[in-house]
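Going down the list, the sequences are from chains C and G. The letter at position 222 of the first sequence is residue 227 when you use our numbering, and the numbering goes up by one with no holes. The letter at position 125 of the second sequence is residue 133 when you use our numbering, and the numbering goes up by one with no holes. Glycine residues also receive a C-beta, built at the ideal position from the N, C-alpha and C atoms. A short worksheet on the structure shown next.
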Amino acid sequence: MTDPFHVLRRPLVRLAPDPAFAARLRDRVQHALAEGVPMTTAPQLATTEGDVAYLSLQLPDTGRAREFYRAVLGWRFGAGEEPGHSAQVDGQSLPLGIWDGPPSPGIRTPGVLLVHRVADIVASTTTVRSLGGTAGPPHQEPYGVVADCLDDQGNGFSLLELPPDAPRPPVNGALPGDVAYITISPGDEQRASQFYGALFGWRSAPGNVPGGRQVEGPAPMIGLWGGTGRQAVTLMYLVDDITQAVARVRDAGGTATQPEPQPYGVTSQCTDNQEMTFTLGQL
Amino acid sequence: MSELLRAGRDEPDLLALYDRALPDVYGYLLSRCGSTAVAEDLTAETFLAAVTAVRAGTAVLSVAWLIGIARHKLIDHWRARSREQRHLETAYDAPATVEDPWDERLDALRAQQTLDLLAPQHRSVLTLRYLDDLPVPQVAAELGRTRHATEALIVRARAAFRRAYEGSSGGDD
Numbered sequence: 006m007t008d009p010f011h012v013l014r015r016p017l018v019r020l021a022p023d024p025a026f027a028a029r030l031r032d033r034v035q036h037a038l039a040e041g042v043p044m045t046t047a048p049q050l051a052t053t054e055g056d057v058a059y060l061s062l063q064l065p066d067t068g069r070a071r072e073f074y075r076a077v078l079g080w081r082f083g084a085g086e087e088p089g090h091s092a093q094v095d096g097q098s099l100p101l102g103i104w105d106g107p108p109s110p111g112i113r114t115p116g117v118l119l120v121h122r123v124a125d126i127v128a129s130t131t132t133v134r135s136l137g138g139t140a141g142p143p144h145q146e147p148y149g150v151v152a153d154c155l156d157d158q159g160n161g162f163s164l165l166e167l168p169p170d171a172p173r174p175p176v177n178g179a180l181p182g183d184v185a186y187i188t189i190s191p192g193d194e195q196r197a198s199q200f201y202g203a204l205f206g207w208r209s210a211p212g213n214v215p216g217g218r219q220v221e222g223p224a225p226m227i228g229l230w231g232g233t234g235r236q237a238v239t240l241m242y243l244v245d246d247i248t249q250a251v252a253r254v255r256d257a258g259g260t261a262t263q264p265e266p267q268p269y270g271v272t273s274q275c276t277d278n279q280e281m282t283f284t285l286g287q288l
Numbered sequence: 009m010s011e012l013l014r015a016g017r018d019e020p021d022l023l024a025l026y027d028r029a030l031p032d033v034y035g036y037l038l039s040r041c042g043s044t045a046v047a048e049d050l051t052a053e054t055f056l057a058a059v060t061a062v063r064a065g066t067a068v069l070s071v072a073w074l075i076g077i078a079r080h081k082l083i084d085h086w087r088a089r090s091r092e093q094r095h096l097e098t099a100y101d102a103p104a105t106v107e108d109p110w111d112e113r114l115d116a117l118r119a120q121q122t123l124d125l126l127a128p129q130h131r132s133v134l135t136l137r138y139l140d141d142l143p144v145p146q147v148a149a150e151l152g153r154t155r156h157a158t159e160a161l162i163v164r165a166r167a168a169f170r171r172a173y174e175g176s177s178g179g180d181d
């Protein structure tokens, strides 16, 4: 005997409400969301703090990396540069390089070292230490004053002091081969949100994936992801034609997933010829 | 290009979800509360609670998540009505520990009208258990009761429903 109460079962049905009600409520939701983003409390200028000013791909073999990224992303390297531990990429919007010497503190090879821009490096290193991280002494390099740091979860990064009028990189890249998005997988994204929020004044909001947080402010755009990635930092590179780019990755000895549509473009998850993971994005 | 990536971020996402999920949320609520005015109020409360969750970093941004919020709002609504009508409930809450088998084939429309006659707490538990088809442990969690108390409440609610249903069939009263 079936339970007569099961006749009450009411599957979900879609019913459009009165259009005037729907429009009024949409306005209320939009307004409430806008109130939740306190843009007025932080002047736009302050957001250069924490911008990525330089980054370094740390890999087992710089020579193989040059071949791969030249073929896949069209990177050009400093003229007359001898093959060695370091190679600087020329002509991209965000300066970057490749390094196969001893990895920086807190970076596992293959991995990416992010160099964040700050206005006052002495103040920032003090903040790093007060937040439970470590910071080496600021020292002069040809391109500026830098300090090697670890966050409170042991992830390595560097700080570079730049004057307030130094140019910013594009938010999502501008040229093919540019870095268009940076994902930081720090272990615990809530802790990272607090650490980097206190250090750089970043705010972050939940992102499109579970455990993901979208950081507001820095350029290039940065997301925090709590998932257990093999790499603490994963870069997305801008490409014109993702189908062709995926073919180039495979030809050059890497792997690439079939391109998939996302809300912001089409992406493919890749590895290079030395097991470095990265993403291609046709945005 | 930056606009494209920004469009994938969270605040615009809730608005996009609003456009997609409004009929789901409203349809869920209207088919359970039976009143356009109440369904509109609870729909608004649902989406404003979703905004709060986005700010707090606890949003999941799916239709199922919104329906879950709507369900809480519906139960809160009946709970508030229950407080207003406490004197009525005690009459409905006569012990009904033994349930006679009841194999009548219920008429769906009359069953819905019967629900409207019930005390709010009986209506809540029957809605969760039968209209939403939730298992008893989840009903208990939604209502903040123990499983045992929930089972007892379901028995009382079924008895009250049956009295009201049979009472509504026998002519004038």
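_Which residues of the region 202-236 of chain C have a Cβ closer than 7 Å to any Cβ of chain G? Give them in chain order._
A210, P211, G212, N213, Q219 and M226
*G259 (chain C): first and last residue of the uninterrupted beta strand (DSSP E) it sits in*: For the purposes of this step, residue 259 (chain C) is taken as the residue at position 254 of the first sequence. No beta strand (DSSP E) holds G259 (chain C); DSSP gives it neither H nor E.
*In its own chain, which residues sit with a C-beta less than 7 Å from the C-beta of L288 (chain C), not counting the 5 before and 5 after it?*
Along the first sequence, one-based indexing puts residue 288 (chain C) at 283. The residues are N177, A185, L243, Y269 and G270.
*Measure how close the beta-carbons of T51 (chain G) and L30 (chain C) come, nearest whole angstrom, since I'm counting them as under 8 Å.*
As a first step, residue 51 (chain G) is located in the second sequence; it is residue number 43 there, counting from the start. As a first step, residue 30 (chain C) is located in the first sequence; it is residue number 25 there, counting from the start. Indeed, because the Cβ distance is near 7 Å, the residues count as touching under 8 Å.
*Does the region 106-117 of chain C come close enough to the region 49-69 of chain C that 3 or more CB-CB pairs lie under 8 Å?*
Yes: the two stretches touch, three or more of their Cβ pairs being nearer than 8 Å.
*Do you know offhand how far G231 (chain C)'s Cα is from R14 (chain C)'s?*
The residue given as residue 231 (chain C) occupies position 226 in the first sequence. The residue given as residue 14 (chain C) occupies position 9 in the first sequence. So the two alpha carbons sit approximately 39 Å from each other.
*Closest Cα partner of T158 (chain G) within the set G:F55, G:T44 and G:Q146*: In the second sequence, residue 158 (chain G) corresponds to position 150, counting from 1. The candidate whose alpha carbon is nearest that of T158 (chain G) is G:Q146.
*Answer yes if the region 195-212 of chain C comes into contact with the region 241-260 of chain C, meaning at least three C-beta pairs across the two stretches below 8 Å, and no otherwise.*
no
*What's the gap between the Cα of Y59 (chain C) and the Cα of G106 (chain C)?*
Counting from 1 along the first sequence, the entry for residue 59 (chain C) is found at position 54. Counting from 1 along the first sequence, the entry for residue 106 (chain C) is found at position 101. Near 17 Å, if we compare the C-alpha coordinates of G106 (chain C) and Y59 (chain C).
*Would D95 (chain C) be called buried (16 or more neighbouring beta carbons within 10 Å of its own) or exposed?*
To locate residue 95 (chain C), count along the first sequence from 1; it is residue 90. Under this definition D95 (chain C) is an exposed residue.
*Quick one: is V34 (chain C) near chain G, going by C-beta distance under 7 Å?*
Translated into positions along the first sequence, residue 34 (chain C) becomes position 29. Yes, contact with chain G.
*Assuming N278 (chain C) contacts F82 (chain C) under a Cβ cut-off of 8 Å, what Cβ separation, rounded to an integer in Å, is found between them?*
As a working note, residue 278 (chain C) is residue 273 in the first sequence. As a working note, residue 82 (chain C) is residue 77 in the first sequence. Going by Cβ atoms, the distance from N278 (chain C) to F82 (chain C) rounds to 16 Å, so no, they are not a contact pair.
*Taking I126 (chain C) as part of the alpha helix (DSSP H), name the residues at either end of that continuous run.*
Here residue 126 (chain C) refers to the residue found at position 121 when the first sequence is read from its first residue. If you look at I126 (chain C), you'll find it in the alpha helix (DSSP H) that goes I126 to S135.
*Contact check, H11 (chain C) vs Y138 (chain G) under 8 Å by CB: the rounded distance?*
Looking up residue 11 (chain C) in the first sequence gives position 6. Looking up residue 138 (chain G) in the second sequence gives position 130. Right, the Cβ-Cβ distance comes to about 7 Å (below 8 Å), so this counts as a contact.
*Which same chain residues, not among the five before or five after L38 (chain G), have their C-beta less than 8 Å away from its C-beta?*
As a first step, residue 38 (chain G) must be located in the second sequence, where it is residue number 30. Correct list, in chain order: T44 and A47.
*Candidates C:R173, C:A27 and C:L155: which alpha carbon is nearest T53 (chain C)'s?*
Locating residue 53 (chain C) in the first sequence gives position 48, counting from the first residue. Nearest of C:R173, C:A27 and C:L155 to T53 (chain C), Cα basis: C:R173.
*So with Cβ pairs under 7 Å, would you call V33 (chain G) a contact of chain C?*
As a first step, residue 33 (chain G) is located in the second sequence; it is residue number 25 there, counting from the start. Answer no: the Cβ-Cβ gap between V33 (chain G) and chain C never drops below 7 Å.
_Count Cβ pairs between the region 76-85 of chain G and the region 216-229 of chain C that sit closer than 8 Å; are there 3 or more?_
no
*Would DSSP call H95 (chain G) helix, strand or coil?*
Taking the second sequence and counting its residues from 1, the one referred to as residue 95 (chain G) is at position 87. Any reading at H95 (chain G) must be qualified, since the residue scores a pLDDT of 47, below 50, and its modelled position is unreliable; the value itself is stated next. It is helical.
_Neighbourhood of L78 (chain C) by C-beta distance below 6 Å, restricted to the same chain and skipping five residues each side_ = As a position in the first sequence, residue 78 (chain C) is number 73, starting the count at 1. Around L78 (chain C): G182 and Y242.
_Using a Cβ-Cβ cutoff of less than 8 Å, which residues in the same chain neighbour Q121 (chain G) once the five nearest sequence positions on both sides are dropped?_
Locating residue 121 (chain G) in the second sequence gives position 113, where the first residue counts as 1. Counting only Cβ-Cβ distances below 8 Å, and skipping sequence neighbours, we find S176.
*Of the listed residues G:A24, G:L23, G:R170 and G:A29, nearest to A21 (chain C) (C-alpha basis)*: Locating residue 21 (chain C) in the first sequence gives position 16, where the first residue counts as 1. Closest by alpha carbon: G:A29.
*Taking the CB atoms as reference points, tell me whether W73 (chain G) and P9 (chain C) lie closer together than 7 Å.*
Here residue 73 (chain G) is taken as the residue at index 65 of the second sequence, counted from 1. Here residue 9 (chain C) is taken as the residue at index 4 of the first sequence, counted from 1. Contact flag unset, no.
*What residues of chain C sit near V62 (chain G), judged by a beta carbon separation below 8 Å?*
Counting from 1 along the second sequence, the entry for residue 62 (chain G) is found at position 54. Going along chain C in sequence order, the residues near V62 (chain G) (Cβ under 8 Å) are L38, G41, A210 and P211.
*Taking only beta-carbon positions, decide if F26 (chain C) is within less than 7 Å of chain G.*
Residue numbering aside, residue 26 (chain C) sits at position 21 when the first sequence is read from its first letter. So, interface residue.
_Taking 6 Å as the limit between beta carbons, can you name the residues of its chain near S132 (chain G), skipping five residues before and five after?_
Residue 132 (chain G) sits at position 124 when you count from the first residue of the second sequence. If we look at S132 (chain G) and ignore the five residues flanking it on each side, its Cβ neighbours are I83 and W86.
_Quick check: P108 (chain C) and Q158 (chain C), are their CB atoms within less than 7 Å of each other?_
In the first sequence, counting from the first residue as 1, residue 108 (chain C) sits at position 103. In the first sequence, counting from the first residue as 1, residue 158 (chain C) sits at position 153. Contact: no.
*Minimum Cβ-Cβ distance from L20 (chain C) to chain G less than 7 Å*: Residue mapping note: residue 20 (chain C) aligns to position 15 of the first sequence, counting from 1. For L20 (chain C), at least one C-beta of chain G is nearer than 7 Å to its own C-beta.
_Inter-residue Cα distance where the pair is D124 (chain G) and A261 (chain C)_ = As a first step, residue 124 (chain G) is located in the second sequence; it is residue number 116 there, counting from the start. As a first step, residue 261 (chain C) is located in the first sequence; it is residue number 256 there, counting from the start. Approximately 58 Å, taken between the alpha carbons.
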